[in-house]
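Enquirer: Protein chains in written order, with numbering that gives the first Met the number 0: chain A, 0 to 147; chain B, 0 to 139. The structure under discussion is supplied below as structure tokens; questions concerning it will follow.
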Amino acid sequence: MLGRLARGVPALRRALHTGSQPNSTTAALDLIRSQPSHYVVANFVGRKYILAPRDLLTVPRPRDVQVGDVLTLDEIHELGSREYTLRGNPTISPDRVRVQATVVEHTKGKMESIFKKKRRKGYQKTITHKQPYTRLRIGDIEIPISSS
Amino acid sequence: MASTILRGSLRSRPANGHAAFIPQIRKLVFECCDRWPSSDNTRTFLFSNLRTLAEKNPHVEIVVRQRIHREPILRGFYINNRDKVVPLNGLSIGEIKQKITLLLDSSGAQIKPLKRRNVESTTESARGIWSGLHADRPVL
């Protein structure tokens with residue numbers, strides 16, 4: 000009987016803690032906007048990253064991107080704060096959330112040596128390779144107030 | 000009781016590019032010899048393309064120096080007080096342009112392994128850190 004009581008109590012505590020569910024995307028975004036810090040799960044060049052403002056994102060260098068360019072992340076899968084999360088289906092539309100990233104530099108990684116050998120055939124070679132990377136600084140996460 | 004603000008919490012953390020972007024390169028120095036043939040391509044580039052390079056990159060101070068009886072060199076000076084030196088010996092004009100782009104795009108930081116460093120963050124996590132003392136007691 001005590002075990003059954005204990006099982007009932009956490010559900011009640013959870014209901015008191017969260018309050019009523021928001022019934023529209025605007026209400027959900029209002030709840031998220033009211034909290035001080037946010038994060039975003041965004042897709043960039045085919046890979047998903049958890050990003051916050053002021054982060055430095057390092058990706059293999061995409062073409063046609065210059066240093067100083069400001070890119071808008073248009074594939075945002077999730078927007079969250081401390082207690083609330085909004086998950087897109089599959090993405091949140093770009094007029095609901097806006098995140099920009101500034102290209103800070105193009106660098107190369109450390110030199111890597113790849114050694115290839117086929118034994119007893121007299122074939123061996125060493126390939127040296129430096130992967131080019133691009134580093135981007137994530138800007139503020141803007142959740143514009145919509146009139147609808 | 001007013002909460003005390005610790006002096007360390009009022010510091011600003013560097014985040015170039017977050018609100019405003021400042022290009023990291025400040026000076027580009029070309030050093031070449033007037034006579035030696037190893038500096039031929041560098042000299043051709045300087046006479047033909049230097050002006051357009053300077054116009055396209057107004058934030059960079061471009062200097063041409065003499066380096067008598069030595070191989071040609073390209074030096075880039077950055078805001079983090081480091082410099083990168085690239086030899087231009089034996090390069091064609093296209094390759095010289097590639098080296099210039101390499102220095103213009105760089106931030107001057109030392110080359111470090113970037114394969115596993117996807118996101119470098121100084122922001123504290125928005126969802127906070129899990130604490131066993133503040134979570135629901137697990138029920139079997």
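Note that the Cβ used here is the ideal one computed from N, Cα and C, for glycine as well. Computed from a prediction, not measured in an experiment: that's the story for all the values here.
What distance in whole Å lies between the Cβ atoms of G79(A) and A134(B), which are believed to be in contact at a cut-off of 8 Å?
Expert: Here residue 134(B) refers to the residue found at position 135 when the second sequence is read from its first residue. Here residue 79(A) refers to the residue found at position 80 when the first sequence is read from its first residue. Actually they do not touch by this definition, with Cβ atoms about 18 Å apart.
Enquirer: State yes or no: is the beta carbon of G93(B) nearer than 8 Å to at least one beta carbon in chain A?
Expert: In the second sequence, residue 93(B) corresponds to position 94, counting from 1. No, G93(B) does not count as interfacial toward chain A.
Enquirer: Determine the contact status of R74(B) and E30(B), defining contact as a CB-CB distance below 8 Å.
Expert: Numbered from its first residue, the second sequence carries residue 74(B) at position 75. Numbered from its first residue, the second sequence carries residue 30(B) at position 31. A contact, by the Cβ cut-off of 8 Å.
Enquirer: Just mark P61(A) as buried or exposed, buried being the case when its beta carbon has 16 or more other beta carbons within 10 Å.
Expert: For this step, residue 61(A) is matched to residue 62 along the first sequence. When all chains shown are included, P61(A) counts as exposed.
Enquirer: Can you check whether the C-beta of H142(B) is within less than 8 Å of a C-beta belonging to chain A?
Expert: The structure shown does not extend to residue 142(B), since chain B is modelled only from 0 through 139, so no value can be given for it.
Enquirer: Please report the straight-line C-alpha distance between E141(A) and L135(A), rounded to a whole angstrom.
Expert: Along the first sequence, read from residue 1 onward, the residue named residue 141(A) stands at position 142. Along the first sequence, read from residue 1 onward, the residue named residue 135(A) stands at position 136. Spanning the two alpha carbons is a distance of roughly 18 Å.
Enquirer: Specify the secondary structure class of S112(A) as computed by DSSP and reduced to three states.
Expert: Position 113 of the first sequence, counting from 1, holds the residue named residue 112(A). The answer is strand: DSSP assigns S112(A) an E or B state.
Enquirer: Express the C-alpha separation of V63(B) and N15(B) in angstroms, rounding to a whole number.
Expert: Within the second sequence, numbered from 1, the residue matching residue 15(B) stands at position 16. Within the second sequence, numbered from 1, the residue matching residue 63(B) stands at position 64. Distance between the alpha carbons of N15(B) and V63(B): 29 Å.
Enquirer: Between I91(A) and I75(A), is the Cβ-Cβ spacing less than 8 Å?
Expert: Numbered from its first residue, the first sequence carries residue 91(A) at position 92. Numbered from its first residue, the first sequence carries residue 75(A) at position 76. Against a cut-off of 8 Å, the Cβ pair of I75(A) and I91(A) comes out as a contact.
Enquirer: Taking only the alpha-carbon atoms, compute the straight-line gap between P52(A) and R12(B) and give it to the nearest angstrom.
Expert: For the purposes of this step, residue 52(A) is taken as residue 53 along the first sequence, with counting starting at 1. For the purposes of this step, residue 12(B) is taken as residue 13 along the second sequence, with counting starting at 1. If you take the alpha carbons of P52(A) and R12(B), they lie about 12 Å apart.
Enquirer: Give a yes or no on whether 8 Å exceeds the smallest Cβ distance from D82(B) to chain A.
Expert: Counted from its first residue, the second sequence places residue 82(B) at position 83. Cβ-Cβ to chain A under 8 Å: no for D82(B).
Enquirer: Use the C-beta contact count for D82(B): other C-beta atoms within 10 angstroms, 16 or more gives buried, fewer gives exposed.
Expert: Locating residue 82(B) in the second sequence gives position 83, counting from the first residue. Per the 10 Å Cβ criterion, exposed.
Enquirer: Check whether the Cβ atoms of Y132(A) and V69(A) sit closer than 8 Å, and answer yes or no.
Expert: Locating residue 132(A) in the first sequence gives position 133, where the first residue counts as 1. Locating residue 69(A) in the first sequence gives position 70, where the first residue counts as 1. Taking 8 Å as the Cβ cut-off, Y132(A) and V69(A) do not qualify as a contacting pair.
Enquirer: Mapping the DSSP letters down to three states, classify H133(B) as helix, strand or coil.
Expert: Along the second sequence, read from residue 1 onward, the residue named residue 133(B) stands at position 134. H133(B) falls in the helix class under three-state DSSP.
Enquirer: Chain A partners of P22(B), CB-CB under 8 Å?
Expert: Working through the second sequence from its first residue, we reach residue 22(B) at position 23. Ordered by position in chain A, the residues that pass the 8 Å Cβ test against P22(B) are V66, G67.
Enquirer: Rank V96(A), L28(A), I126(A), P143(A) by C-alpha distance to the C-alpha of D73(A) and give the top, closest one.
Expert: In the first sequence, the residue the question calls residue 73(A) occupies position 74. Nearest of V96(A), L28(A), I126(A), P143(A) to D73(A), Cα basis: V96(A).
Enquirer: Assuming F76(B) contacts R25(B) under a Cβ cut-off of 8 Å, what Cβ separation, rounded to an integer in Å, is found between them?
Expert: As a first step, residue 76(B) must be located in the second sequence, where it is residue number 77. As a first step, residue 25(B) must be located in the second sequence, where it is residue number 26. F76(B) to R25(B), Cβ: 6 Å. Contact.
Enquirer: Within the continuous beta strand (DSSP E) that includes E74(A), where are the two ends?
Expert: Position 75 of the first sequence, counting from 1, holds the residue named residue 74(A). First-last for E74(A): undefined, no H or E at that position.
Enquirer: So, for S91(B): in the same chain, excluding its five sequence neighbours on each side, which residues have a beta-carbon less than 8 Å away from its beta-carbon?
Expert: Within the second sequence, numbered from 1, the residue matching residue 91(B) stands at position 92. Correct list, in chain order: N40.
Enquirer: Mapping DSSP to helix, strand and coil, what is A14(A)?
Expert: On the first sequence, residue 14(A) is found 15 positions in, with the first residue counted as 1. Any reading at A14(A) must be qualified, since the residue scores a pLDDT of 42, below 50, and its modelled position is unreliable; no value is offered.
Enquirer: What's the C-alpha gap between G127(B) and I31(A)?
Expert: Translated into the one-based positions of the second sequence, residue 127(B) becomes position 128. Translated into the one-based positions of the first sequence, residue 31(A) becomes position 32. Distance between the alpha carbons of G127(B) and I31(A) is about 15 Å.
Enquirer: Taking CB distances under 8 Å as the criterion, tell me whether R62(A) reaches chain B.
Expert: Walking along the first sequence from the start, residue 62(A) turns up at place 63. No - not a single Cβ of chain B is within 8 Å of the one on R62(A).
Enquirer: Measure the CB-CB distance between N56(B) and L9(B) and report whether it falls below 8 Å.
Expert: As a position in the second sequence, residue 56(B) is number 57, starting the count at 1. As a position in the second sequence, residue 9(B) is number 10, starting the count at 1. Contact flag unset, no.
Enquirer: Going by alpha carbons, who is nearest to S47(B) out of L132(B), G93(B), V85(B)?
Expert: Locating residue 47(B) in the second sequence gives position 48, counting from the first residue. Closest by alpha carbon: G93(B).
Enquirer: Which residues of the stretch 97-108 of chain A have a Cβ closer than 9 Å to any Cβ of chain B? Give them in chain order.
Expert: A100, T101, V102, V103, E104, H105, T106, K107, G108
Enquirer: Shortest alpha-carbon distance to L28(A) belongs to which of V44(A), V64(A), Y83(A), L55(A)?
Expert: The residue given as residue 28(A) occupies position 29 in the first sequence. Of V44(A), V64(A), Y83(A), L55(A), the residue nearest in Cα terms is Y83(A).
Enquirer: Give the DSSP bridge partners of R86(A), in chain order.
Expert: Reading the first sequence from its first residue, position 87 is the one you call residue 86(A). Its beta-bridge partners are E77(A).
Enquirer: Using a Cβ-Cβ distance cut-off of 8 Å, determine whether I128(B) contacts chain A.
Expert: Within the second sequence, residue 128(B) is the residue found at index 129, counting from 1. Chain A contact via Cβ: absent.
Enquirer: Take L87(B) and list the residues in its own chain whose beta-carbon comes closer than 6 Å to its own, dropping the five residues that flank it on each side.
Expert: Numbered from its first residue, the second sequence carries residue 87(B) at position 88. Within the same chain, L87(B) has close Cβ partners T41, P71, L73, I95.
Enquirer: With DSSP as the reference, label T122(B) as helix, strand or coil.
Expert: As a working mapping, residue 122(B) is identified with position 123 in the second sequence. Here T122(B) sits in coil by DSSP.
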